[in-house]
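This report concerns only the one structure given below.
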Amino acid sequence: MTHDAIVIGAGAAGLFYAGIAGRRGMRVIVLDHAKKPAEKVRISGGGRCNFTNIHTAPDRFISNNPHFARSALSRYAPNDFLDLLRTHHITWHEKTLGQLFCDGRSDAIIQMLLDELAAGGGELRLSTPVGEVRAVDGGWEVSTPDGALTAPKLVIATGGLSIPKMGATGFAYELAERFGHTLVEPTAGLVPFTFEGADKADFASISGVAAPVVAQAGRSRFEEAMLFTHRGLSGPAMLQISSYWKPGEPIAIDLFTGTGGADRLKALKAEHPMKSLASAMEALLPRRLVELLRARGDIPDIPRLADASHKALDGVAAALSDWRLRPAGTEGWRTAEVTLGGIDTRGLSQKTMESRHAPGLHFIGECVDVTGWLGGYNFQWAWASAFAAAQAD
Ligand SMILES: Cc1cc2nc3c(=O)[nH]c(=O)nc-3n(C[C@H](O)[C@H](O)[C@H](O)COP(=O)(O)OP(=O)(O)OC[C@H]3O[C@@H](n4cnc5c(N)ncnc54)[C@H](O)[C@@H]3O)c2cc1C
Numbered sequence: 026m027t028h029d030a031i032v033i034g035a036g037a038a039g040l041f042y043a044g045i046a047g048r049r050g051m052r053v054i055v056l057d058h059a060k061k062p063a064e065k066v067r068i069s070g071g072g073r074c075n076f077t078n079i080h081t082a083p084d085r086f087i088s089n090n091p092h093f094a095r096s097a098l099s100r101y102a103p104n105d106f107l108d109l110l111r112t113h114h115i116t117w118h119e120k121t122l123g124q125l126f127c128d129g130r131s132d133a134i135i136q137m138l139l140d141e142l143a144a145g146g147g148e149l150r151l152s153t154p155v156g157e158v159r160a161v162d163g164g165w166e167v168s169t170p171d172g173a174l175t176a177p178k179l180v181i182a183t184g185g186l187s188i189p190k191m192g193a194t195g196f197a198y199e200l201a202e203r204f205g206h207t208l209v210e211p212t213a214g215l216v217p218f219t220f221e222g223a224d225k226a227d228f229a230s231i232s233g234v235a236a237p238v239v240a241q242a243g244r245s246r247f248e249e250a251m252l253f254t255h256r257g258l259s260g261p262a263m264l265q266i267s268s269y270w271k272p273g274e275p276i277a278i279d280l281f282t283g284t285g286g287a288d289r290l291k292a293l294k295a296e297h298p299m300k301s302l303a304s305a306m307e308a309l310l311p312r313r314l315v316e317l318l319r320a321r322g323d324i325p326d327i328p329r330l331a332d333a334s335h336k337a338l339d340g341v342a343a344a345l346s347d348w349r350l351r352p353a354g355t356e357g358w359r360t361a362e363v364t365l366g367g368i369d370t371r372g373l374s375q376k377t378m379e380s381r382h383a384p385g386l387h388f389i390g391e392c393v394d395v396t397g398w399l400g401g402y403n404f405q406w407a408w409a410s411a412f413a414a415a416q417a418d
């Protein structure tokens with residue numbers, strides 16, 4: 026055998042695996058068809074890589090088997106990654122909601138992954154399209170333009186389908202199916218919503234306006250910012266619920282963020298009895314959003330708040346705390362931050378991420394049916410699943 030482990034995919038999970046396995050004494054080689062490693066790490070978090078979340082817990086991950094991620098997540102926690110950052114003198118800060126970002130550029134994380142790979146004696150081959158993969162006696166053979174490589178372990182870390190422009194492929198899914206795995210249908214997650222017709226024109230007219238909301242799809246609710254765009258709705262609140270949304274369903278938006286809309290409107294009436302409802306509401310919501318809601322009839326024409334009955338204000342509050350919209354769809358793979366679904370976890374060991382169908386074959390990172398919320402959870406899954414696989418003897 027030429028190596029102890031062959032890793033396909035030099036992204037977050039693949040490089041992290043290689044560093045750990047190398048330090049455990051394994052001869053590891055990482056192959057990637059891209060010219061540069063870990064491009065998604067580079068662009069992540071607006072260039073500062075939101076590399077983990079201190080609130081990591083299994084319930085912040087979506088999977089057909091919600092318990093699957095528990096084992097790996099408990100064995101490699103955010104604090105373990107912070108310890109590693111310290112040894113590389115990388116500093117960070119919490120932005121919001123437990124999201125940790127680099128103080129500097131994301132390149133620091135990529136350099137750390139490459140340094141760890143080198144420290145473990147691992148090899149990285151970029152611009153290397155992977156040819157045939159086959160099971161051979163005692164392991165795996167992978168053909169490359171520079172010849173065949175063999176190892177007892179083959180680790181697939183080629184990620185999901187989001188952002189094909191950056192080299193995403195369905196490689197992991199095709200290989201998994203070839204070796205007897207089933208897939209949970211991959212769909213775009215953490216992705217902006219698109220709208221058609223009047224909604225699209227309305228939202229485009231205030232593109233760039235943002236507001237804090239509580240957004241709900243199905244039973245999942247998130248309190249974060251919503252952003253109007255030329256195509257529809259984006260911002261963290263929308264990205265989060267997009268992972269739970271089913272096509273054709275409405276989404277519900279609470280423009281009062283769950284904080285007693287009726288009482289707030291009545292307080293406005295008491296403070297500004299001579300103002301119109303719309304102009305008074307500019308104290309609560311961005312002016313351009315108020316104008317749009319008024320034009321759409323969601324805020325009724327009440328020229329003097331003094332004349333508004335409490336019943337009328339209750340009605341306005343009820344409508345705006347349950348503003349129902351029906352997205353036409355999402356922006357899809359072009360802009361999705363992650364892939365929901367993927368390799369069915371029933372075919373994998375939760376301890377080592379090893380295939381139950383093909384010994385020595387491991388799947389880690391985003392290609393597995395484990396998808397985190399927005400906010401550093403997906404990298405934490407990449408680190409934790411890679412760590413779990415690297416512990417397998
Ligand atoms: C714009 C954007 C911003 C994001 N920001 C964050 C963030 O701040 N925090 C967070 O937690 N998550 C973020 N994510 C999600 C995160 O980037 C991914 O979940 C994570 O990179 C998955 O790691 P991975 O190693 O499984 O896959 P990837 O990092 O996607 O790596 C896969 C690698 O496999 C290679 N590859 C693919 N197909 C083949 C093939 N056929 N042959 C050879 N090589 C192949 C690719 O070139 C790539 O290098 C973001 C994603 C995007 C798109």
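Sequential numbering from 26 applies to the sequence shown in the working numbering. Every residue, glycine too, gets a C-beta built ideally from N, C-alpha and C. None of the values given here were measured: they were computed from a predicted structure.
For ARG289, the enclosing alpha helix (DSSP H) stretches over residues 286-296. Scanning the region 316-392 from its first residue to its last, the whole beta strand (DSSP E) runs of 3-plus residues come out as 348-350, 363-368 and 386-388. With a threshold of 16 other beta carbon atoms within 10 Å, GLU391 meets it and is buried. Annotated three-state conformation of GLY222 is helix, per DSSP.
Ligand 1 never approaches TYR101 closely enough for any of its heavy atoms to be under 7 Å from the residue's Cβ.
With contacts defined as CB atoms closer than 8 Å, ALA226 and MET263 fail to qualify as a contacting pair. Annotation: ALA229 to GLY400 spans about 26 Å, alpha carbon to alpha carbon. In this structure, the CA atom of GLU274 is about 20 Å from the CA atom of THR364. The straight-line gap separating the alpha-carbon atoms of ASN104 and ALA342 is approximately 43 Å. The beta carbon of ALA213 is closer than 6 Å to those of THR355, GLY357, TRP358 and ALA361 in its chain, skipping five residues each way along the sequence.
For VAL180, the beta-bridge partners assigned by DSSP are VAL32 and HIS387. With the rule of 3 Cβ pairs closer than 8 Å, the region 46-55 counts as touching the region 142-156. For the set GLY72, ASN78, LEU149 and ARG95, the Cα lying nearest the Cα of ASP57 is the one of LEU149. Taking a C-beta distance under 8 Å as the contact criterion, SER410 and MET378 qualify as a contact pair.
Look at ALA415: its beta carbon is at least 7 Å from all of the heavy atoms in ligand 1.
With a cutoff of 8 Å on beta-carbon distance, PHE253 and SER268 are scored as not near each other.
CA-to-CA, the gap between PHE412 and PHE247 works out to about 30 Å. Going by DSSP, PRO217 is part of no alpha helix (DSSP H) at all; its letter is neither H nor E.
Distance from ARG203 to ALA277 at the Cβ level is roughly 42 Å; contact not present, criterion being Cβ atoms closer than 8 Å. By the Cβ-count criterion, ARG381 is exposed, with fewer than 16 other Cβ atoms from all chains shown falling within 10 Å of its own Cβ. Proximity to ARG329 across LEU314, GLY322 and GLU296 peaks at GLU296, based on C-alpha coordinates. Residues THR370 of the same chain have their beta carbon placed closer than 6 Å to that of ASN90, with the five preceding and five following residues left out of the count. In the three-state DSSP reduction, PHE196 falls in the helix class (H, G or I). When C-alpha distances from ARG321 are compared across GLY164, ASP224, GLY283 and ALA38, the shortest belongs to ASP224. The bridge partners DSSP lists for ARG150 are LEU56.
Nearest to ILE324 by alpha-carbon distance, out of LEU280, ARG159 and ASP162, is LEU280. Contact between PRO311 and VAL238 fails: their C-beta atoms lie close to 12 Å from each other, not under 8 Å. In the three-state DSSP reduction, ARG95 falls in the helix class (H, G or I). Shortest gap from the CB of ASP57 to any heavy atom of ligand 1: under 7 Å.
One thing to note: ILE327 has its Cβ no nearer than 8 Å to the Cβ of LEU290.
Taking the C-beta atoms as reference points, ASP394 is found nearer than 8 Å to VAL209.
In this structure, GLU64 has its beta carbon less than 7 Å from a heavy atom of ligand 1. Residue burial is scored here from C-beta neighbours: GLU157 has fewer than 16 other C-beta atoms within 10 angstroms and is therefore classed as exposed.
For THR77, the enclosing beta strand (DSSP E) stretches over residues 75-78.
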